[in-house]
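Read through the structure below, which is laid out as structure tokens, and then see the notes.
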Ligand SMILES: [Zn+2]
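This is the structure we're talking about:
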């Protein structure tokens with residue numbers, strides 16, 4: 217069995233903890249998205265475009281397009297558009313897990 221590679225990481229409480237490298241790799245698209253948003257915000261004087269945000273999230277795999285032929289449910293945004301078939305845009309499994317784990 218291989219030893220797990222861990223990376224020293226600073227927590228919000230300024231403590232150094234060892235985080236498995238595979239965990240950091242899993243969160244990398246979220247960090248890339250945050251950096252892209254910060255950069256875009258600076259170049260667009262904080263006037264971010266919703267379409268740009270959605271496209272960037274999809275590009276990084278944070279949102280995934282799922283082909284559907286009918287509404288997923290009353291609370292899903294695809295139901296608002298009404299035209300089917302269409303692609304339903306959903307959180308990736310990693311984003312869903314991160315949202316659930318959020319304090
Ligand atoms: Zn849907």
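Numbering (the numbering used here), first residue to last: 217 to 319.
Don't be surprised by glycine CBs; every beta carbon is placed ideally from N, CA and C.
Only a predicted model underlies this, so the values are computations on that prediction, with no experimental measurement involved.
C-beta contact flag for residue i and residue j at 8 angstroms
i           : j           : result
residue 300 : residue 276 : no
residue 232 : residue 222 : no
residue 282 : residue 303 : yes
residue 272 : residue 252 : yes
Run of the alpha helix (DSSP H) containing residue i, from where it starts to where it stops
i           : result
residue 294 : 294-297
N-terminal and C-terminal residue of the beta strand (DSSP E) that residue i is part of
i           : result
residue 319 : Per DSSP, residue 319 belongs to no beta strand (DSSP E) and is neither H nor E.
residue 302 : 302-307
residue 225 : 222-226
Looking at C-beta atoms only, is the number of pairs between the region 288-303 and the region 259-279 that lie closer than 8 angstroms three or more? These segments do not touch.
Report the start-end ranges of each beta strand (DSSP E) in the region 235-286 that is 3 residues or longer and not cut off at the edges. Whole beta strand (DSSP E) segments, 3+ residues: 279-284.
Check your reading: residues with Cβ closer than 5 angstroms to ligand 1 heavy atoms: Those residues having their beta-carbon less than 5 angstroms away from any non-hydrogen atom of ligand 1 are, in chain order, 288, 292, 294 and 304.
Segment contact, 8 angstroms Cβ cut-off, at least three pairs: the region 277-284 with the region 301-310: Yes, the region 277-284 is in contact with the region 301-310.
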